[in-house]
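Enquirer: Questions regarding the structure given below will be posed in turn.
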Amino acid sequence: MERRQFLQKSCSACLGLAGASWLLSACGTAMPAFKANATGNELVIPADKFPVTQQQLLISTPALANQILLVRRNDQVKALYMECTHEYSGLTPTKTKIVCALHGSAFDFDGNVLKEPALLPLKQFPVRSTDNNLIIQIA
Ligand code: FES
Numbered sequence: 002m003e004r005r006q007f008l009q010k011s012c013s014a015c016l017g018l019a020g021a022s023w024l025l026s027a028c029g030t031a032m033p034a035f036k037a038n039a040t041g042n043e044l045v046i047p048a049d050k051f052p053v054t055q056q057q058l059l060i061s062t063p064a065l066a067n068q069i070l071l072v073r074r075n076d077q078v079k080a081l082y083m084e085c086t087h088e089y090s091g092l093t094p095t096k097t098k099i100v101c102a103l104h105g106s107a108f109d110f111d112g113n114v115l116k117e118p119a120l121l122p123l124k125q126f127p128v129r130s131t132d133n134n135l136i137i138q139i140a
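For the sequence shown, the numbering used here begins at 2 and goes up steadily by one.
Structure representation (structure tokens):
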């Protein structure tokens, strides 16, 4: 292999690695998630699935059409229903807000509307903690 070919192939390989690295960093990390089965009107989340160092956890359950986002703020845990209050589409949490892909509404992590067309805040479920669990009351 001539020097010129070697340099061309080496540079192509470096550019490919740089591109792959950029793509991976752009994707970010997936939000932690937990699948819970309902017991009566409650979802039981083991405390070790949502440690105090963790700020958010997505909860899926067959009992609800959409997910619940647990949000920890100042030692308080909120359970936000990930259903848009505009026309009931499922919502997606990002690093900075909760967004609706259907018509563009956005909500903060307290459930307040940041961007219309939604006018009402997100539904919240009561949450209580026991020694080993978080209990979400879904009805
Ligand atoms: S359903 Fe979410 S903005 Fe319309």
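Cβ atoms here follow ideal geometry from the backbone N, Cα and C, with glycine treated the same way.
Who are the Cβ neighbours of L121 in its own chain at under 6 Å, not counting the five residues just before and after it?
Expert: T86
Enquirer: Hey, would you say F108 sits closer than 8 Å to A80, going by beta carbons?
Expert: no
Enquirer: Any heavy atom of the ligand FES within a distance shorter than 7 Å of the CB on A119?
Expert: yes
Enquirer: Can you tell me whether L103 sits near the ligand FES, meaning its C-beta is under 7 Å from at least one heavy atom of the ligand?
Expert: yes
Enquirer: Mind listing, in chain order, the continuous beta strand (DSSP E) runs of no fewer than 3 residues lying wholly within the region 65-104?
Expert: Whole beta strand (DSSP E) segments, 3+ residues: 69-74 and 77-82.
Enquirer: By alpha-carbon positions, which one of F51, I60, L103 and G105 ends up nearest to I69?
Expert: I60
Enquirer: Would you report the Cα separation of I99 and N42, rounded to the nearest angstrom?
Expert: 25 Å
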